[in-house]
Amino acid sequence: YAPRPRQSNKIQNYPTTIPIPFLKLQLSLSLSLSLSLSSYVSGQLYLPALAKRCHIYERSTELHYCHRGGPWFCNLASYFHYCMASSGRWVRLFVFYISVEVIWFLFNVGCVDSANNIAEKKLKVGNISKVEDAVNFHIYYGQTFKVIKNAIDGKSYLLIQSDSRMASRTKYCTSRIKSYVVPLSNYSVDTELFPVSFFELLGLLGSLKGITADSVTSQCVLKLYESGEIKMINKSEPQQLAQFAAHFVTDTDHAQACNFASFVPFVENTPLQRAEWIKFLGVFANLETTANDFYNAVKENYLCLARVAASKKSFKPTVAWIVHYDGVWSFTKETYKLKFTEDAGGENVDKSINKMTYNISNPDDLDEFHAILCTVDVLIDETDTSDPAAYSLSTFLQNINVEDHSCFAFLSNQSLWRYDKRIYNSTLDWFNGAVSQPQLVLADLIEALFPTGNYTTTHFRNLAKEEAVISIGPEMCDRDTSTAMQPTIVACG
-15 YAPRPRQSNK IQNYPTTIPI PFLKLQLSLS LSLSLSLSSY VSGQLYLPAL
35 AKRCHIYERS TELHYCHRGG PWFCNLASYF HYCMASSGRW VRLFVFYISV
85 EVIWFLFNVG CVDSANNIAE KKLKVGNISK VEDAVNFHIY YGQTFKVIKN
135 AIDGKSYLLI QSDSRMASRT KYCTSRIKSY VVPLSNYSVD TELFPVSFFE
185 LLGLLGSLKG ITADSVTSQC VLKLYESGEI KMINKSEPQQ LAQFAAHFVT
235 DTDHAQACNF ASFVPFVENT PLQRAEWIKF LGVFANLETT ANDFYNAVKE
285 NYLCLARVAA SKKSFKPTVA WIVHYDGVWS FTKETYKLKF TEDAGGENVD
335 KSINKMTYNI SNPDDLDEFH AILCTVDVLI DETDTSDPAA YSLSTFLQNI
385 NVEDHSCFAF LSNQSLWRYD KRIYNSTLDW FNGAVSQPQL VLADLIEALF
435 PTGNYTTTHF RNLAKEEAVI SIGPEMCDRD TSTAMQPTIV ACG
């Protein structure tokens, strides 16, 4: 028996040619082991099959030599080679077996990870919105497209990602399906009673290029229109509307062109359902995350205020929403307004009356109407007028046709309100900002029902106190219109 002579400590350079691409860090150790083992066992290692299995094989990338002073994993390989060469046969076989198992495991992990990365790259939709409260639209997602099902116009909007092959090949305009390429390059709006604040909150005013009227209660939209960045378009001219990637409307009763999209939060029955339509617009701009964050903040603040109002006291003030038109007074039937009253801690008068309309030219109607008003603690006058700034307490008293109003608690308590505090000419912000941020409306109503005197209302003005309106103008825009706005959060607690 003669002991095996020890190998020289000098590390030899092997001309090992390894056609191998850039590997992930997680495979470096397995590569080092394989290099050392191959140099000892066979003197050469080829890994094109494994590399191709992970879809990372490139013929142009070759690693020719591993030696001391080269890449760190080559040095590690040389060290393993030296240790293996100095060990017994069974030790080398055992280490070789374990190394093969480790290499196989790590390569499989790498392949799975690579497959996951490929799937993520193919999935263009990086963020999603889920409709929680609104009932008149739903959102569905594919890999390179999204679908909005609009329950109001009965159509499905197919939104195709602009960087997908589908975008250039697919176009739908049928009675059932319309297609759009997103994010929208530009858009226009039929601004008659359209809540443009939703676009402003998402930071999308930079893409707004056309409006049908300047009757908008957004100082920044007015500023962009004044500077020429937004053009006035004629909605009766189809060619003018066709130049935009999308034209948003709230009127669904008329014929619509291929690029029309119905945005109708007004049809929802609760304030939060209306506000959630910000997700509808967010999908058109790939801004689902922004829309989600905004709505979540609004909802949380709204529900917090409602909880505080519910804990005020057992006595609930009686609230009436009324409107005067052509000699007839009517109590409101709009569900979202009644919901506002309930959430503010009040009780709607509608539950205790037998009829909804009263003609003041009819003496019996007039007496019954006055009798009901004598039971009301807070009155909200919704009467439409071409000049809101001129509508005063005397205008209201003239419309209700009464001389002795001593029994009206809402007058003695100075709790007669209108929601026309913020206006542009005769257009009310009630149909704009109040829709997208209902928490501000709720905070106003809580102050009206349970006055503290230290809260400034946003949308409601006190007619009994002759509170004036606030006229909105382009000079009031002092922000970057290309950035999203944060919701106005009311202190709650």
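Under our numbering, residues -15 to 477 are what the sequence shown spells out, in order.
Backbone N, C-alpha and C fix where the C-beta goes; we use that ideal spot for every residue, glycine too.
Do three or more CB pairs link the region 452 to 460 to the region 323 to 335 at distances below 8 Å? Cβ pair count under 8 Å is below three, so no.
Is VAL119 buried or exposed, if buried means 16 or more other CB atoms sit within 10 Å of its CB? As a first step, residue 119 is located in the sequence shown; it is residue number 135 there, counting from the start. Exposed.
Mark GLU184 as exposed unless 16 or more other C-beta atoms lie within 10 angstroms of its C-beta, in which case mark it buried. The count along the sequence shown starts at 1 and reaches residue 184 at position 200. By the 10 Å Cβ count, GLU184 comes out buried.
GLN421 and VAL200: beta carbons closer than 9 Å? Here residue 421 corresponds to residue number 437 of the sequence shown, with the count starting at 1. Here residue 200 corresponds to residue number 216 of the sequence shown, with the count starting at 1. No. Outside cutoff.
Within a Cβ cutoff of 6 Å, which residues of the same chain sit near ASP365, ignoring the five residues on either side of it in sequence? Locating residue 365 in the sequence shown gives position 381, counting from the first residue. Once the five neighbours on either side are set aside, the close Cβ partners of ASP365 are PHE380, ARG402.
Thinking C-beta only, is PHE250 closer than 9 Å to VAL233? Start at 1 with the first residue of the sequence shown, and residue 233 comes out as number 249. Start at 1 with the first residue of the sequence shown, and residue 250 comes out as number 266. Their beta carbons are not under 9 Å apart, which means VAL233 does not touch PHE250 by this criterion.
Note down the Cα distance separating THR472 from LEU287, rounded to an integer number of angstroms. Here residue 472 is taken as the residue at index 488 of the sequence shown, counted from 1. Here residue 287 is taken as the residue at index 303 of the sequence shown, counted from 1. Just so you know, the alpha carbons of THR472 and LEU287 end up roughly 14 Å apart.
Short of 6 Å in beta carbon distance, which residues of its chain neighbour LEU206, apart from the five on each side in sequence? Order them along the chain. Within the sequence shown, residue 206 is the residue found at index 222, counting from 1. Same-chain partners within the cutoff: PRO458.
ALA304 versus THR154, ALA151, ALA432, GLN145, residue with shortest Cα-Cα distance: Locating residue 304 in the sequence shown gives position 320, where the first residue counts as 1. Per the Cα distances, ALA432.
Tell me the DSSP secondary structure of ASN280 in three-state form. Stepping through the sequence shown from its first residue, residue 280 is reached at position 296. Helix, per DSSP.
Other residues of its chain near GLY330: CB distance less than 6 Å, five sequence neighbours each side excluded: Position 346 of the sequence shown, counted from the start, is the residue given in the question as residue 330. Only LYS300, PRO301, VAL303, LEU433 meet the Cβ criterion.
What are the partner residues of VAL173, as DSSP defines its beta bridges? On the sequence shown, position 189 is the one that residue 173 refers to. Among the bridge pairs identified by DSSP, VAL173 is matched with ILE195, PHE232.
Beta-carbon spacing of VAL307, THR367 below 9 Å: Looking up residue 307 in the sequence shown gives position 323. Looking up residue 367 in the sequence shown gives position 383. Taking 9 Å as the Cβ cut-off, VAL307 and THR367 qualify as a contacting pair.
Taking buried to mean at least 16 other C-beta atoms within 10 Å of its own C-beta, is ASP351 buried or exposed? Counted from its first residue, the sequence shown places residue 351 at position 367. Result: exposed.
Tell me whether the beta-carbon of PHE264 lies closer than 9 Å to the beta-carbon of TYR171. Walking along the sequence shown from the start, residue 264 turns up at place 280. Walking along the sequence shown from the start, residue 171 turns up at place 187. Cβ distance not < 9 Å, so PHE264 and TYR171 don't count as in contact.
Cα-Cα separation, LEU188 to LYS133: Within the sequence shown, residue 188 is the residue found at index 204, counting from 1. Within the sequence shown, residue 133 is the residue found at index 149, counting from 1. Rounded to the nearest whole angstrom, the CA to CA distance from LEU188 to LYS133 is 22 Å.
The alpha helix (DSSP H) spanning THR379 covers which residue range? What you label residue 379 is simply residue 395 of the sequence shown in a count that begins at 1. First-last of the alpha helix (DSSP H) with THR379: 377 to 384.
Starting from TYR320 and walking both ways along the alpha helix (DSSP H), at which residues does that stretch end? What you label residue 320 is simply residue 336 of the sequence shown in a count that begins at 1. It spans 319 to 327 - the alpha helix (DSSP H) in which TYR320 sits, taken as one unbroken run.
GLN145 versus LEU186, VAL173, ASN111, residue with shortest Cα-Cα distance: By 1-based counting over the sequence shown, the position of residue 145 is 161. For GLN145, the nearest C-alpha among the options comes from ASN111.
Nearest to ASP327 (by Cα), restricted to the options LEU256, VAL180, ILE195: Locating residue 327 in the sequence shown gives position 343, where the first residue counts as 1. Out of LEU256, VAL180, ILE195, LEU256 has the C-alpha closest to the C-alpha of ASP327.
Nearest by alpha-carbon distance to TYR408: which of SER370, THR316, ILE384 is it? Locating residue 408 in the sequence shown gives position 424, counting from the first residue. When each option's Cα is compared against that of TYR408, the closest is SER370.
If you reduce the DSSP assignment to three classes, tell me which class GLY122 lands in. Locating residue 122 in the sequence shown gives position 138, where the first residue counts as 1. Note on residue identity: the sequence assigns His, not Gly, to residue 122. Reduced to three states, the DSSP call for HIS122 is strand.
Out of GLN223, LEU424, SER220, ARG406, point me to the one whose CA is closest to SER455's CA. Start at 1 with the first residue of the sequence shown, and residue 455 comes out as number 471. The shortest Cα separation from SER455 among GLN223, LEU424, SER220, ARG406 belongs to ARG406.
ILE306: first and last residue of the uninterrupted beta strand (DSSP E) it sits in: Position 322 of the sequence shown, counted from the first residue, corresponds to residue 306. 302 to 309 is the span of the beta strand (DSSP E), which, as asked, contains ILE306.
Taking only runs of the beta strand (DSSP E) that begin and end inside the region 374 to 462, which ones reach a length of at least 3 residues, in chain order? Segments of the beta strand (DSSP E) lying fully in the region 374 to 462: 400 to 402, 406 to 408.
VAL165 versus CYS476: straight-line alpha-carbon distance, rounded: Translated into positions along the sequence shown, residue 165 becomes position 181. Translated into positions along the sequence shown, residue 476 becomes position 492. If I take the Cα positions, the gap works out to 41 Å.
Boundaries (first-last residue) of the alpha helix (DSSP H) holding SER365: Here the question's residue 365 lines up with position 381 in the sequence shown. The sequence given here has Asp at residue 365, not Ser. Per DSSP, ASP365 belongs to no alpha helix (DSSP H); it is in the beta strand (DSSP E), 362 to 365.
Using alpha carbons as the reference points, say which of GLY194, SER163, SER152, PRO347 lies closest to VAL131. For the purposes of this step, residue 131 is identified with residue 147 of the sequence shown, where counting begins at 1. Closest in C-alpha terms to VAL131, from the list GLY194, SER163, SER152, PRO347, comes SER163.
First through last residue of the beta strand (DSSP E) which encompasses PHE264: Counting from 1 along the sequence shown, the entry for residue 264 is found at position 280. From DSSP, PHE264 is part of no beta strand (DSSP E) but of the alpha helix (DSSP H) over 262 to 268.
With a Cβ-Cβ cutoff of 9 Å, do VAL474 and ARG258 count as a contact? Here residue 474 refers to the residue found at position 490 of the sequence shown. Here residue 258 refers to the residue found at position 274 of the sequence shown. Note that the C-beta distance between VAL474 and ARG258 is not below 9 Å.
Sort out for me which residues DSSP pairs ALA135 with in a bridge. Here the question's residue 135 lines up with position 151 in the sequence shown. Under DSSP, ALA135 forms no beta bridge with any residue.
Buried/exposed call for GLY311, threshold 16 Cβ in 10 Å: Taking the sequence shown and counting its residues from 1, one reaches residue 311 at position 327. Exposed is the label assigned to GLY311, since fewer than 16 other Cβ atoms lie within 10 Å of its Cβ.
Quick one, are the C-beta atoms of TYR125 and LEU142 less than 9 Å apart? Position 141 of the sequence shown, counted from the first residue, corresponds to residue 125. Position 158 of the sequence shown, counted from the first residue, corresponds to residue 142. No Cβ-Cβ contact shorter than 9 Å links TYR125 with LEU142.
Between which residues of its own chain and ASP117 is the CB-CB distance below 6 Å, once the five residues before and five after are set aside? Locating residue 117 in the sequence shown gives position 133, where the first residue counts as 1. So the list reads LEU256, GLN257, GLU260, once near-sequence residues are dropped.
Are the beta-carbon atoms belonging to GLN224 and GLY194 less than 9 Å from one another? For this step, residue 224 is matched to residue 240 along the sequence shown. For this step, residue 194 is matched to residue 210 along the sequence shown. GLY194 is positioned such that its CB atom lies closer than 9 Å to that of GLN224.
Where PHE89 falls: helix, strand or coil (DSSP): For the purposes of this step, residue 89 is taken as residue 105 along the sequence shown, with counting starting at 1. Residue placement at PHE89 is flagged as unreliable, the pLDDT there being 46, under the threshold of 50; the coordinate-derived value follows with that caveat. Of the three classes helix, strand and coil, the one that applies to PHE89 here is helix, per DSSP.
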